[in-house]
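In terms of UniProt numbering, the sequence shown opens at residue 1 and continues consecutively.
Just so it is clear, CB atoms sit at the ideal spot from N, CA and C, and this is done for glycine as well.
Okay, structure first, notes after.
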Amino acid sequence: MMNKRGMVTTVQTRIRTEPFSNNYDLVGRELGRGKFAVVKKCVEKATGKEHAAKFQRKRRKGQDCRGDILNEISVLELAKDNPYVAGLHEVYETHSEIILVLECAAGGEIFNQCVADNDDAFTEQDVIRLTHQILTGVAFLHNNNVVHLDLKPQNLLLTSTQPLGDIRIVDFGLSRRIDAHMEVREILGTPEYVAPEILNFEPISTATDMWSIGVLTYVMLTGESPFLGEDKQETFLNITQGVVDYSQEVFEGVSALAVNFIQTLLCLSPEDRASAEEGLNHPWLNGHASLTHTPLATLPSLDEPETSQSESEPESPSPSP
Ligand code: ADP
Ligand code: MG
Numbered sequence: 001m002m003n004k005r006g007m008v009t010t011v012q013t014r015i016r017t018e019p020f021s022n023n024y025d026l027v028g029r030e031l032g033r034g035k036f037a038v039v040k041k042c043v044e045k046a047t048g049k050e051h052a053a054k055f056q057r058k059r060r061k062g063q064d065c066r067g068d069i070l071n072e073i074s075v076l077e078l079a080k081d082n083p084y085v086a087g088l089h090e091v092y093e094t095h096s097e098i099i100l101v102l103e104c105a106a107g108g109e110i111f112n113q114c115v116a117d118n119d120d121a122f123t124e125q126d127v128i129r130l131t132h133q134i135l136t137g138v139a140f141l142h143n144n145n146v147v148h149l150d151l152k153p154q155n156l157l158l159t160s161t162q163p164l165g166d167i168r169i170v171d172f173g174l175s176r177r178i179d180a181h182m183e184v185r186e187i188l189g190t191p192e193y194v195a196p197e198i199l200n201f202e203p204i205s206t207a208t209d210m211w212s213i214g215v216l217t218y219v220m221l222t223g224e225s226p227f228l229g230e231d232k233q234e235t236f237l238n239i240t241q242g243v244v245d246y247s248q249e250v251f252e253g254v255s256a257l258a259v260n261f262i263q264t265l266l267c268l269s270p271e272d273r274a275s276a277e278e279g280l281n282h283p284w285l286n287g288h289a290s291l292t293h294t295p296l297a298t299l300p301s302l303d304e305p306e307t308s309q310s311e312s313e314p315e316s317p318s319p320s321p
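Structure (structure tokens):
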């Protein structure tokens, strides 16, 4: 059942009412916190397995938010077989809060490597692999008519950092169902990563997530946030004007294909943006990774890949820029 704002509040998971502490021990420091949630590492007593427990109050600012949390649970259920979305193990409810027991992404937020100096920062090769995983997860959501609407480094986690592991998408608190008969118009998300249509109060679509992935890829490759201004106002203005610095200076040592990939996403008009499937087919993510640092003009013909990746299809990649 879907309500007017694209939220689904019917869930399959059994909501447990026995005390969480009967079945889990909290261990170590907290894993992170967001606007409303605190996330702590825990060990399931019966299995000894580690998980992440996300504690959320049902009332926020005097408003009942139980429906929002159920919506989050329903998206996690939908994506349970997708490897790049953090798995949901169990749900507990007390009089004041709901606790989601999630797969623990021990490597933490990709945010840390985005702001890191050279030694800890991602290489382009890392970013190619991680972007492919993010797009695979997001394509799954979009194929199921779900938009995430809060894709940013704090909500993209890693299974490990050394060696660099795999992506786990978390935080479906703002996610919505979209279908042809419904227009979602809401002001949502974090300024830096928010798409122009949200600021202009135009309908939200799967393209809204694609904008955020464009910003994200820019940040992962350069360590700089393309639209960040001195304050919220200036950031919003930068976004709605859509001016992006693609200069050599910012993209030093980054391939021209990577820049082209970002350009297919940071388009002001949602219709012009590449979809998740189109992104997955972009040559940057398809076997030309070894050509990092090579200017585009000197690349061999894109329809003759010299190396085939482990899971690549037999047919030649379709260039989509
Ligand atoms: P909020 O909705 O309040 O933003 P999130 O779901 O984003 O809550 O969780 C807040 C933070 O907790 C995340 O940014 C991340 O650092 C950490 N976190 C969330 N889920 C997990 C998880 N499954 N494994 C490890 N850390 C997590
Ligand atoms: Mg979050």
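What does a CB cutoff of less than 7 Å around VAL75 pick up in its chain, not counting 5 residues either side in sequence?
Here residue 75 refers to the residue found at position 75 of the sequence shown. Excluding positions up to five away in sequence, the list reads VAL146, PHE172, SER175.
Look at ALA276 and LEU135 and say whether their C-beta atoms are less than 8 Å apart.
Taking the sequence shown and counting its residues from 1, the one referred to as residue 276 is at position 276. Taking the sequence shown and counting its residues from 1, the one referred to as residue 135 is at position 135. Cβ distance < 8 Å, so ALA276 and LEU135 count as in contact.
For GLN12 and ASP117, what's the separation of their Cα atoms in angstroms?
On the sequence shown, position 12 is the one that residue 12 refers to. On the sequence shown, position 117 is the one that residue 117 refers to. Approximately 44 Å, taken between the alpha carbons.
Within 10 angstroms of its Cβ, does ALA37 collect 16 or more other Cβ (buried), or is it exposed?
As a first step, residue 37 must be located in the sequence shown, where it is residue number 37. Looking at its Cβ environment, which holds 16 or more other Cβ atoms inside 10 Å, ALA37 is buried.
My understanding is that TRP211 touches ARG168, with C-beta atoms under 8 Å, so please give their C-beta distance in whole angstroms.
In the sequence shown, the residue the question calls residue 211 occupies position 211. In the sequence shown, the residue the question calls residue 168 occupies position 168. Incorrect: roughly 22 Å between the Cβ atoms, too far for contact.
Is the Cβ-Cβ distance between ASN23 and GLU50 less than 8 Å?
As a first step, residue 23 is located in the sequence shown; it is residue number 23 there, counting from the start. As a first step, residue 50 is located in the sequence shown; it is residue number 50 there, counting from the start. Contact: no.
What's the gap between the Cα of PRO83 and the Cα of GLU103?
For this step, residue 83 is matched to residue 83 along the sequence shown. For this step, residue 103 is matched to residue 103 along the sequence shown. When rounded, the distance between both Cα atoms is 11 Å.
As a quick exercise: from LEU100, SER21, PHE227, GLU271, pick the residue whose alpha carbon is nearest that of ILE15.
Translated into the one-based positions of the sequence shown, residue 15 becomes position 15. Taking only the C-alpha atoms, the option nearest ILE15 is LEU100.
Return yes when at least one heavy atom of the ligand MG lies under 7 Å from the C-beta of GLN154, else no.
Here residue 154 refers to the residue found at position 154 when the sequence shown is read from its first residue. Yes; taking the cut-off as 7 Å, the Cβ of GLN154 has a heavy atom of the ligand MG nearer than that.
Would you identify the three-state DSSP class for residue 323, choosing helix, strand or coil?
This structure does not reach residue 323, given that the chain is present from 1 up to 321, and the question cannot be answered.
Would you call the region 111 to 131 and the region 196 to 209 touching, i.e. three or more CB-CB distances under 8 Å?
No: the two stretches stay apart, fewer than three of their Cβ pairs being nearer than 8 Å.
Between the alpha carbons of LYS35 and ASP64, how many angstroms are there, rounded?
Against the sequence shown, residue 35 aligns to sequence position 35. Against the sequence shown, residue 64 aligns to sequence position 64. Roughly 16 Å separates the two Cα atoms.
Assuming contact is defined by CB atoms lying nearer than 8 Å, are GLU271 and SER225 in contact in what I supplied?
As a working note, residue 271 is residue 271 in the sequence shown. As a working note, residue 225 is residue 225 in the sequence shown. Against a cut-off of 8 Å, the Cβ pair of SER225 and GLU271 comes out as no contact.
Sorry if obvious, but does the Cβ on GLU77 come closer than 7 Å to a heavy atom of the ligand ADP?
Here residue 77 corresponds to residue number 77 of the sequence shown, with the count starting at 1. Not so, every heavy atom of the ligand ADP lies at least 7 Å from the Cβ.
Please determine, among GLY87, ASP209, ASP231, the residue with the shortest C-alpha to C-alpha distance to LYS152.
Position 152 of the sequence shown, counted from the start, is the residue given in the question as residue 152. Among GLY87, ASP209, ASP231, the Cα nearest to that of LYS152 is on ASP209.
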